[in-house]
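Number of protein chains: 2
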Amino acid sequence: MTSRRDFLQKITLSTGLASLAPTLLSATPATNSAQQPARKLRVAIMGLGSYGTRVAKAMKDCQSAELVGIVTGSPEKIPVWKKEYNIPDKNVYNYETVGQMKNNPDIDVVYVITPNSLHAKHVMQVAAAGKHVICEKPMADTAANARKMIAACEKAGVKLLIGYRLHFEPYTRKVIEMIQAGEMGKLNYIDNYQGFKIGDPTQWRLKKSLAGGGALMDVGIYCLNAARYLSNEEPIWVTAQETKTDPVKFAEVDETIQFQLGFPSGLVASCATSYNIRFERLYAQGDKGFAELSPAYGYGPIKGRTHKGPLDEPVVTHQTAQMDGMADIILNNKTIDPPVDGQEGLKDMIVLDAIYESIRKGSAKMKL
Amino acid sequence: MTSRRDFLQKITLSTGLASLAPTLLSATPATNSAQQPARKLRVAIMGLGSYGTRVAKAMKDCQSAELVGIVTGSPEKIPVWKKEYNIPDKNVYNYETVGQMKNNPDIDVVYVITPNSLHAKHVMQVAAAGKHVICEKPMADTAANARKMIAACEKAGVKLLIGYRLHFEPYTRKVIEMIQAGEMGKLNYIDNYQGFKIGDPTQWRLKKSLAGGGALMDVGIYCLNAARYLSNEEPIWVTAQETKTDPVKFAEVDETIQFQLGFPSGLVASCATSYNIRFERLYAQGDKGFAELSPAYGYGPIKGRTHKGPLDEPVVTHQTAQMDGMADIILNNKTIDPPVDGQEGLKDMIVLDAIYESIRKGSAKMKL
Chain A
1 MTSRRDFLQK ITLSTGLASL APTLLSATPA TNSAQQPARK LRVAIMGLGS
51 YGTRVAKAMK DCQSAELVGI VTGSPEKIPV WKKEYNIPDK NVYNYETVGQ
101 MKNNPDIDVV YVITPNSLHA KHVMQVAAAG KHVICEKPMA DTAANARKMI
151 AACEKAGVKL LIGYRLHFEP YTRKVIEMIQ AGEMGKLNYI DNYQGFKIGD
201 PTQWRLKKSL AGGGALMDVG IYCLNAARYL SNEEPIWVTA QETKTDPVKF
251 AEVDETIQFQ LGFPSGLVAS CATSYNIRFE RLYAQGDKGF AELSPAYGYG
301 PIKGRTHKGP LDEPVVTHQT AQMDGMADII LNNKTIDPPV DGQEGLKDMI
351 VLDAIYESIR KGSAKMKL
Chain B
1 MTSRRDFLQK ITLSTGLASL APTLLSATPA TNSAQQPARK LRVAIMGLGS
51 YGTRVAKAMK DCQSAELVGI VTGSPEKIPV WKKEYNIPDK NVYNYETVGQ
101 MKNNPDIDVV YVITPNSLHA KHVMQVAAAG KHVICEKPMA DTAANARKMI
151 AACEKAGVKL LIGYRLHFEP YTRKVIEMIQ AGEMGKLNYI DNYQGFKIGD
201 PTQWRLKKSL AGGGALMDVG IYCLNAARYL SNEEPIWVTA QETKTDPVKF
251 AEVDETIQFQ LGFPSGLVAS CATSYNIRFE RLYAQGDKGF AELSPAYGYG
301 PIKGRTHKGP LDEPVVTHQT AQMDGMADII LNNKTIDPPV DGQEGLKDMI
351 VLDAIYESIR KGSAKMKL
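First to last, the protein sequences are chains A and B. Every letter in the first sequence is one number past the one before it in the UniProt record's numbering, and letter 353, counting from 1, is 353. Every letter in the second sequence is one number past the one before it in the UniProt record's numbering, and letter 271, counting from 1, is 271.
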């Protein structure tokens, strides 16, 4: 096991975030410009459900980001969160008062963790309040809404990041780094799948009006996003097939979807996702080697191997690493490769739209 | 490592070939009926190319089958094979004289190992000569030809087996056995791929008139056949996508094909095959466990693991096991599950036809 410090040095090298390490490694304030002392990114979470709670807990270990505010429609949660995270009254908002955040200089960014179909509305509200936005993936329910969100953030002059936590995860970064260093040779096959058996049939994830879609939106996006960051190319076509074994539970959203991607180099990807199959794999096959992560997309620990043997990367809390990394992007204008911005989110949304269109058209090949 | 004897006892149990073991284990002739003493299956090979040579060499270790004859269009090969395998002049045929085999009581069966598109013609010639036939996979170039072959063999009263060597291979049988015993629970995902980088651009495998197709016909059929024997179901739909990076080398046949299958239970399969990617995997995911073979389809050694840990099955020469098993099927009317007969071959051909049709129709979903 490598130490957290080793990991941070490693991710700095592998991501090219030259100043990430100093920012993240130092608990002592340093100056990052002549005018302004370095400080932590001050985050409000919008949507205090299970994933919002996970992010909040993970942020307790952040070195560059801190939870300072909440936006919630559930008044009963307010005292609990205030106590747990030392949140002052002035940083507590609901969905009607979020616009007033523009008068609050103590919040830098709002992390939108609401149901997918509400992302567009909420991101645009936050942008209008002049705050940077982190939006959980999928960025939206359609590419059209994703474009509106990007335009709104550009107009407001705020940054828009998408909650792609794995871009900051050591095993994932190691595989990306090995591919980019040419260790696999020319990549020619990707084989990704991710799914789980979803429980409570009344949850919002099974309602199209809130989730926008089913397994594909929720976890299939990991396979798609991974195919894109492994390939370092944008797909030129997609095909898809839907299978439904429980038309009652999955009356509104997709249960199982297989989809395939073709890339300009000739690389192809076979992917699958399901709310009724527990399976998980990231796989990249090149002329000279391969990489496999399995588990690959969950909250960890991730396991992996390549043609060189087992991977042994540091095990981190994904959301801690993500929020520290995003602090550096937002506060210090750093970049990460592959990016985690709105344009990256839009690229996934365009393919997700095309997957659903392929299914509507009898699995027809959709050019991208 | 398990001994060969252990394996034969095992395969007997797992296949239900109750009398396979005595036949295979005993070098001493025994009676299998009151009228007739047990004897070896006397085989002629038609087509003395690289795979025909591999089968001939493997048969040297058979206990229930022996190579006694050849059919070849290459006169220069005759003295070499005669010497190597002690083949008498009377058992040497060419493609014009094969009909005369009907007057030769010393040959039981002809193993047709010629280019795919010639299988139909050759199998029908052999059937007309009153000999049983083993036909290498793919059985034919189209399902229509496969049906003609079955009809011809039925009319002639001879058996028709397809060269599905993996049906006799211990790792493959172990996985089938575990699935059938319910150890994986309900199967819900299959992920098979097989490919290699094909060499010599002038070879018959790249000519449509001889090969009938490319990677799909040659090695993709393993993924398809495995999906069928793992699932123990017949697919109800198929979709497919073709990718070509070298339109000169692969001017006549497919280079890379992805295909997907849906089964009545809701099980789905993602498969891929290529003449330009070296990759190989058989994977079955169930509710309660999984099995993976990789390598899975080559001549061995095959490696595998399940949710219970690594598999450790005997390593056999596939073609030796196949020919001993087929001797028992032909001489003793034994059956094997999954079967290796013409109907099994036809089921694959129907899906292969539909895969090519899906590609012609823009990856449209083809009902089966």
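All C-beta atoms, glycine included, are put in the ideal place defined by N, C-alpha and C. Please read these numbers as outputs of a predicted model, since none were measured by experiment.
What does residue i reach in chain B if we use C-beta pairs closer than 7 Å?
{"i": "residue 243(A)", "result": "262, 266, 268"}
{"i": "residue 156(A)", "result": "The contacting residues do not exist; residue 156(A) stays about 42 Å from chain B at best."}
Taking the continuous beta strand (DSSP E) assigned at residue i, which residues delimit it?
{"i": "residue 241(B)", "result": "237-243"}
{"i": "residue 46(A)", "result": "41-46"}
{"i": "residue 265(A)", "result": "No beta strand (DSSP E) contains residue 265(A), which DSSP labels as neither H nor E."}
{"i": "residue 66(A)", "result": "65-71"}
{"i": "residue 291(B)", "result": "290-293"}
{"i": "residue 305(B)", "result": "304-306"}
{"i": "residue 111(A)", "result": "109-112"}
{"i": "residue 162(A)", "result": "160-162"}
{"i": "residue 134(A)", "result": "132-135"}
Going along chain A, which residues have a C-beta under 7 Å from residue i?
{"i": "residue 256(B)", "result": "268"}
{"i": "residue 140(B)", "result": "Residues of chain A passing the Cβ test: none, with the nearest at roughly 27 Å."}
{"i": "residue 144(B)", "result": "Those within 7 Å of residue 144(B) in chain A number zero; the least Cβ separation is about 25 Å."}
When you compare each of the options to residue i by their alpha carbons, which one comes out closest?
{"i": "residue 106(A)", "options": "88(A), 94(A), 119(A)", "result": "88(A)"}
{"i": "residue 54(B)", "options": "41(B), 298(B), 342(B)", "result": "298(B)"}
{"i": "residue 181(B)", "options": "111(B), 271(B), 286(B)", "result": "286(B)"}
{"i": "residue 189(B)", "options": "291(B), 167(B), 245(B)", "result": "291(B)"}
{"i": "residue 70(A)", "options": "83(A), 154(A), 64(A), 199(A)", "result": "83(A)"}
{"i": "residue 349(B)", "options": "73(B), 146(B), 325(B), 90(B)", "result": "146(B)"}
{"i": "residue 198(B)", "options": "206(B), 315(B), 192(B)", "result": "206(B)"}
{"i": "residue 326(A)", "options": "95(A), 111(A), 68(A), 144(A)", "result": "111(A)"}
{"i": "residue 64(B)", "options": "337(B), 85(B), 41(B), 318(B)", "result": "41(B)"}
{"i": "residue 164(B)", "options": "191(B), 229(B), 249(B), 149(B)", "result": "229(B)"}
{"i": "residue 130(B)", "options": "109(B), 121(B), 217(B), 293(B)", "result": "109(B)"}
{"i": "residue 357(A)", "options": "321(A), 331(A), 323(A), 257(A)", "result": "257(A)"}
{"i": "residue 282(A)", "options": "288(A), 272(A), 296(A), 276(A)", "result": "296(A)"}
{"i": "residue 251(B)", "options": "175(B), 209(B), 224(B)", "result": "209(B)"}
{"i": "residue 201(B)", "options": "309(B), 276(B), 321(B)", "result": "276(B)"}
{"i": "residue 62(B)", "options": "81(B), 78(B), 79(B), 39(B)", "result": "39(B)"}
List, in order along the chain, the chain B residues whose C-beta lies closer than 9 Å to that of residue i?
{"i": "residue 285(A)", "result": "193, 277, 278, 279"}
{"i": "residue 164(A)", "result": "Chain B residues near residue 164(A): none, gap ~24 Å exceeds 9 Å."}
{"i": "residue 327(A)", "result": "The contacting residues do not exist; residue 327(A) stays about 38 Å from chain B at best."}
{"i": "residue 371(A)", "result": "Given a span of 1 to 368 for chain A in the structure shown, any question on residue 371(A) remains unanswerable."}
Which first and last residues belong to the alpha helix (DSSP H) in which residue i is found?
{"i": "residue 262(B)", "result": "Per DSSP, residue 262(B) belongs to no alpha helix (DSSP H); it is in the beta strand (DSSP E), 256-262."}
{"i": "residue 285(A)", "result": "No alpha helix (DSSP H) contains residue 285(A), which is instead part of the beta strand (DSSP E) from 276-286."}
{"i": "residue 100(B)", "result": "Premise fails: residue 100(B) is in no alpha helix (DSSP H) and is neither H nor E."}
{"i": "residue 194(B)", "result": "Premise fails: residue 194(B) lies in the beta strand (DSSP E), 187-197, not in any alpha helix (DSSP H)."}
{"i": "residue 167(B)", "result": "Careful: residue 167(B) lies outside any alpha helix (DSSP H) and carries neither H nor E."}
{"i": "residue 153(A)", "result": "143-156"}
{"i": "residue 360(B)", "result": "342-360"}
{"i": "residue 223(A)", "result": "221-231"}
{"i": "residue 123(A)", "result": "119-128"}
Which residues of chain A have a Cβ atom closer than 8 Å to the Cβ of residue i, listed in chain order?
{"i": "residue 291(B)", "result": "Chain A residues near residue 291(B): none, gap ~13 Å exceeds 8 Å."}
{"i": "residue 215(B)", "result": "None at all; the shortest Cβ gap to chain A is about 12 Å."}
{"i": "residue 120(B)", "result": "Neighbours of residue 120(B) on chain A: none; closest Cβ ~31 Å, over 8 Å."}
{"i": "residue 296(B)", "result": "Under the 8 Å cutoff, chain A gives no residues; its nearest Cβ is about 14 Å from residue 296(B)."}
Between residue i and residue j, which are expected to be in contact by the criterion C-beta below 8 Å, what is the C-beta distance as a whole number of angstroms?
{"i": "residue 268(A)", "j": "residue 213(A)", "result": "With 8 Å as the limit, residue 268(A) and residue 213(A) do not qualify as a contact, their Cβ atoms being about 23 Å apart."}
{"i": "residue 238(A)", "j": "residue 354(A)", "result": "5 Å"}
{"i": "residue 368(B)", "j": "residue 264(B)", "result": "Rounded, the Cβ-Cβ distance is 11 Å, inconsistent with contact."}
{"i": "residue 194(A)", "j": "residue 158(A)", "result": "The pair is not a contact, with the Cβ atoms about 31 Å apart (cut-off 8 Å)."}
{"i": "residue 73(B)", "j": "residue 93(B)", "result": "Not confirmed; about 10 Å, so no contact."}
{"i": "residue 409(A)", "j": "residue 304(A)", "result": "Chain A is shown from 1 up to 368; residue 409(A) falls before or after that span and cannot be answered."}
{"i": "residue 323(B)", "j": "residue 58(B)", "result": "7 Å"}
Could you name the residues of chain A that residue i contacts, counting a contact when the two beta carbons are closer than 9 Å?
{"i": "residue 321(B)", "result": "Residues of chain A passing the Cβ test: none, with the nearest at roughly 29 Å."}
Using a C-beta to C-beta distance shorter than 8 Å, which residues of chain B count as neighbours of residue i?
{"i": "residue 251(A)", "result": "Ordered by position in chain B, no residue passes the 8 Å Cβ test against residue 251(A), which lies about 16 Å from the chain."}
Output needed in chain order: residues of the stretch 221-240 of chain A with a Cβ under 7 Å from some Cβ in chain B. From the stretch 221-240 of chain A, only 239 have a Cβ closer than 7 Å to chain B.
Please list, in chain order, the residues of the stretch 351-364 of chain B that have any C-beta partner in chain A closer than 7 Å. From the stretch 351-364 of chain B, only 362, 363, 364 have a Cβ closer than 7 Å to chain A.
Chain-ordered residues of the stretch 183-211 of chain B with a beta carbon less than 9 Å from chain A: For the stretch 183-211 of chain B, which is checked against every Cβ of chain A, the residues closer than 9 Å are 188, 189, 191, 193, 195, 197.
Using Cβ-Cβ distances below 8 Å, what residues of the stretch 45-65 of chain B are close to chain A? Going along the stretch 45-65 of chain B in chain order, one finds no residue with a Cβ nearer than 8 Å to chain A.
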